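Those letters in the sequence shown? Residues -23 to -1, 1 to 923, by mature numbering (1 follows the signal peptide of the UniProt record, and there is no 0). Even for Gly, the Cβ is constructed at its ideal location relative to N, Cα and C. Every value quoted in this text rests on a predicted model; they were computed, and no experiment measured them. Comments concern the structure below.
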Amino acid sequence: MRFYLKFYLHYLLLLGSNPGVSTYGPHLRAQKTGDILLGGLFPIHFGVASKDQDLAARPESTECVRYNFRGFRWLQAMIFAIEEINNSSSLLPNITLGYRIFDTCNTVSKALEASLSFVAQNKIDSLNLDEFCNCSGNIPSTIAVVGASGSAVSTAVADLVGLFYIPQISYASSSRLLSNKNQYKSFMRTIPTDEYQAIAMAAVIDHFQWNWVIAIASDDEYGRPGIEKFENEMLQRDICIDLNVLISQYLEEAEIVRLADRIQNSSARVIVVFASGPDVEPLVKEMVRRNVTDRVWLASEAWAISSLVAKPEYLDVMGGTIGFALRAGQIPGFKEFLQQVRPKKCTNEFVREFWEETFNCYLEDSPRKEDNENGSTSFRPLCTGEEDITSVETPYLDYTHLRITYNVYLAVYAIAEALQDILTCTPGRGLFANGSCADIRKVEAWQVLKQLRHRKIQNSLGERVRFDEASELYANYTILNWHRSPEDGSVVFKEVGYYSVHSKKGAKLSIDKTKILWNGYLTEVPFSNCSEDCEPGTRKGIIDGMPTCCFECTECSDGEFSDHKDASVCTKCPNNSWSNGNHTSCFLKEIEFLSWSEPFGIALALFAVLGALLTSFVMGVFVRFRNTPIVKASNRELSYLLLFSLICCFSSSLIFIGEPQDWTCRLRQPAFGISFVLCISCILVKTNRVLLVFEAKIPTSLHRKWWGLNLQFLLVFLFTFVQAMICVVWLYNAPPGSYRNYDIDEIIFITCNEGSMMALGFLIGYTCLLAAVCFFFAFKSRKLPENFTEAKFITFSMLIFFIVWISFVPAYFSTYGKFVSAVEVIAILASSFGLLACIFFNKVYIILFKPSRNTIEEVRSSTAAHSFKAAAKATLRQSSASRKRSSSVGGSSGSSPSLSSLKTNGNEAATPSEQRRGQRPRVSFESGTVTLSFSFDEARKNSMKL
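Written as structure tokens, this is what we have:
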């Protein structure tokens, strides 16, 4: 392999007819000898002629076509910078810079052909080619290369010159792939990487709220990485690409037509093109031919001001294009230098061709004239070479905004300053081994590369340019809008904004929308979305099989809102808020609880107060008539306690009304439970006592002691104490508290969290258990004297109690919010009114309205009848039993009852004389006890104590 490389380089050396510099490399060049030689690569032509090679004869070099006036201006900028440095007394004094500049024709093959001339002499000595020829002193070494323009061309050149560590500074290659310093060791540039430009283009699309675009990129190292980065940015911003294609200036016409059809049929109105001018030109021509005027073009820096596309005849289609351009720099004296160009003053063929293309003529002895005479081109007149260059309009003289041109100028000065550092290097402080310095007269390319990597320069914009391995130039883009000039109809690049990487986040992009003309004359921002914007109150809904940017507008759910257009999601309202009717905002929920001020709460409170007042009234009546038989017969002490407990029951219902607080939530259930247990306990003890008195066969002193008043209160206390212990355990382990329920739409219910439903169940269950026992005893006592006991009414009151609380359980668990408290209040009031009415209203009625029935005689007659019936039944049972025994032993005489007595507590009893006189039964009341006696003259004495 080494032999073949030697042979190829030797072949290159023999290509020229003379041994001088002018004979080496491609024939078309601009060159100047000097102490140090710089190489240059510029696209003087946009491409090469398409020509099939059938290999029937030796292949000929491809012909470059379509002259690039901007490329020639870039070449002139390099020459101007070198001449300026050579004329400087402070920069590289006594050192003359030379150059060899080649045309890449915007193709890789031409660029590599020129690059081989740069690397040949650098390796002649190491390849020992002296055995083939005497090469010493013939070809000066190229110590640095300025170029190339396109990223694809620079990538190929960098692969080659990097093998020999020749520094390469590109002025226009912005591909992010070239930032890989491991692969492109000697590559540097004075242009920002495309990564920033892709971000800037995505930011512009996001700024105008477009989400449906077409992406087109050149099929090379410039377009592919750039559009890839652009796609990633679009994905992060939730922007979709409808069509993504690669193009090239060498595409067949049929492919261009198919691409134009796809663009025309797309619903996207924004076309993002990441390509160079020559690559995008065929597509633009087809779109102009079709007169597709309803599209907005977003141009990358490579073609934003390209003279191939920015033509007046294209403005009907391309007017309003948004383009990115580098910030312009200033080159003093460059304007005059450009105007001084003359074919007779310059020996390079580039100037001669430039002159012929500018004035559409041929110079004498021009090779292109021969082609014209052979009929290969259109007819052109001869020109003298003395024409006035300022009399024509050409991109070559567009020096008002020097962007790429300034990058060329900056690259040359960077190399010159690196050489200056070598020239002024002090031994011991150099960058090379042991602090040594390079010899400026024998400087090699790798030494210049080392010096460039440690060099920092500042451009005319005040930006610091570094070429170390980790540095990239910061991006500062000017955003342009294509306008039509009102004077001559030419293309005017109107500055409408900028994008700066240095700016703070959120302020990188600045666009003045008032300066933009869309499609050349419109001021309204075009619409380029897959779907119409969703109005506030709706959100974007996914459509199956379509990109995320294509959606249907779905109304926000209740409790959610969207206050701006095109919302991706609806925002959930805070817990204390709810969405309005059109879901565009939230309003505070209404707070509800069983309030004192609402009619329902007022009604319940009035019933509770009424119940307490009625109970107090009954208690007042009982106290007032405490010595009457009805009151005494009702066990007045327990009745007082019972009435007090009913007042507590009615009062406890008031705690359920009003805004629940922690203390009310902890108080209301224990107050209700203890009050009701106290009430039921009083009824239970009283009912059971009377039942035992009337059904006892022989009341003994044990009965009288067991059912004394103190023991009755003790039992009431014990029953109530159990309920109190249940409440204490409940409050200790799971205390209730205030709770805000946000689950209901538009309303916040403030309720009590009971802490433990099991504890509440125990509380109500224990109350119901006592009520069941009380119901049992009351039911057994239902046939006692009507005027003496209220057993029937107690039975009915217990039925009401059970009906209320059995209904309460499903009602409690099926309601919510304030109605939970209302249900319990209703249950408390209903059961309390039932107890009050059934037990006491009949007695109050008799006391107040039937005083004739509230006498001892009335009570005696009622109880006597009951006792007579009970005694008669007992006697009949005894008689029946005696007859059965007589029949079994031979018979015996029967006996009839003569006396039956019933005594309770032994305080007042029927005397024997009264019994003998056959007096009416006598009833006396004292301390809540009853004594009854009956006399029968026809029977023998028999006493029965109950």
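query, result
"Contact between the region 575 to 582 and the region 612 to 624 (3+ Cβ pairs under 8 Å)", "no"
"Lys674 burial status per 10 Å Cβ neighbour count (16 or more: buried)", "Residue placement at Lys674 is poorly supported in this model, since its pLDDT is 46, which falls under 50; the coordinates are not used for a value here."
"CB-CB length for Val257 against Ile224, believed under 8 Å", "7 Å"
"Rounded Cβ spacing between Val134 and Ala121 (contact assumed at less than 8 Å)", "The Cβ separation is near 12 Å, so there is no contact."
"Range of the contiguous beta strand (DSSP E) that encloses Gly127", "Per DSSP, Gly127 belongs to no beta strand (DSSP E) and is neither H nor E."
"Closest by C-alpha distance to Phe594, when choosing among Phe311, Tyr822, Leu15 and Pro289", "Tyr822"
"Residues sharing a beta bridge with Lys433, DSSP", "Arg443"
"Length-filtered (3 minimum) beta strand (DSSP E) runs lying within the region 159 to 238", "164 to 166, 189 to 195 and 217 to 224"
"Cβ pair count under 8 Å reaching 3, the region 500 to 516 against the region 538 to 548", "yes"
"Residues bridged to Asp80 [DSSP beta-bridge criterion]", "Phe19"
"Which residues DSSP lists as bridging Gly297, in chain order", "The partner list for Gly297 (beta bridge, DSSP) is empty, contrary to what the question assumes."
"Environment of Trp640 [buried if 16+ CB atoms lie within 10 Å]", "exposed"
"Option nearest Arg6 by Cα separation, candidates Phe46, Tyr76 and Ser67", "Tyr76"
"Short CB-CB distance (under 7 Å) between Glu472 and chain B", "Going by chain labels, chain B is absent from the structure shown, which holds only one protein chain."
"C-alpha gap between residue 924 and Ser147, whole angstroms", "An answer regarding residue 924 cannot be provided, because it is not within the stretch -23 to 923 covered by the chain."
"Whole runs of the beta strand (DSSP E) within the region 460 to 500, excluding any shorter than 3 residues", "468 to 477 and 486 to 488"
"Whole alpha helix (DSSP H) elements within the region 761 to 831, 4-residue minimum", "768 to 791, 795 to 813 and 819 to 826"
"Simplified DSSP assignment, three categories, for Leu457", "strand"
"Rounded separation between Pro320 and Ile62 - CA only", "23 Å"
"Residue range of the beta strand (DSSP E) that includes Ser628", "Per DSSP, Ser628 belongs to no beta strand (DSSP E); it is in the alpha helix (DSSP H), Arg613 to Ser629."
"Cβ-based burial, Val693 [other Cβ within 10 Å; buried from 16]", "buried"
"Touching by the beta-carbon criterion (3+ pairs, under 8 Å), the region 414 to 425 and the region 384 to 398", "yes"
"Status (buried if at least 16 other CB within 10 Å, exposed otherwise) for Leu564", "Checking the sequence, you will find Phe at residue 564 rather than Leu. Flag for Phe564 reads exposed."
"Reduced DSSP category for Gly742 - H, G, I as helix; E, B as strand; rest coil", "helix"
"Neighbour-count burial assignment, Ile520, 16 or more Cβ in a 10 Å radius", "exposed"
"Check whether Phe301 and Tyr451 have beta carbons under 7 Å apart", "no"
"Beta carbon of Thr119 nearer than 7 Å to that of Phe141", "no"
"In chain order, each alpha helix (DSSP H) run of at least 4 residues that lies wholly inside the region 551 to 606", "576 to 601"
"Assumed close pair Ser128, Gln145 - CB separation to whole angstroms, cut-off 8 Å", "Their Cβ separation, rounded to whole angstroms, is 13 Å, which puts Ser128 and Gln145 out of contact at 8 Å."
"Pair within 7 Å by beta-carbon distance, Phe46 and Pro372", "yes"
"Within 7 Å, strictly: CB atoms of Ser252 and Gly297", "Note that residue 252 is Ala in the sequence shown, not Ser. Not closer than 7 Å, so no."
"Val821: CB within 6 Å of a non-hydrogen atom of the ligand MN", "With respect to the ligand MN, the structure shown offers nothing to examine, as it has no ligands at all."
"Inter-residue Cα distance where the pair is Glu198 and Gly536", "52 Å"
"Coil, strand or helix - Tyr373 by DSSP", "helix"
"Residue range of the beta strand (DSSP E) that includes Gly714", "Gly714 to Asn718"
"Ser875, DSSP secondary structure in three states", "Because Ser875 sits at a pLDDT of 36, beneath the cut-off of 50, its placement in the model cannot be relied upon, and the point is left open."
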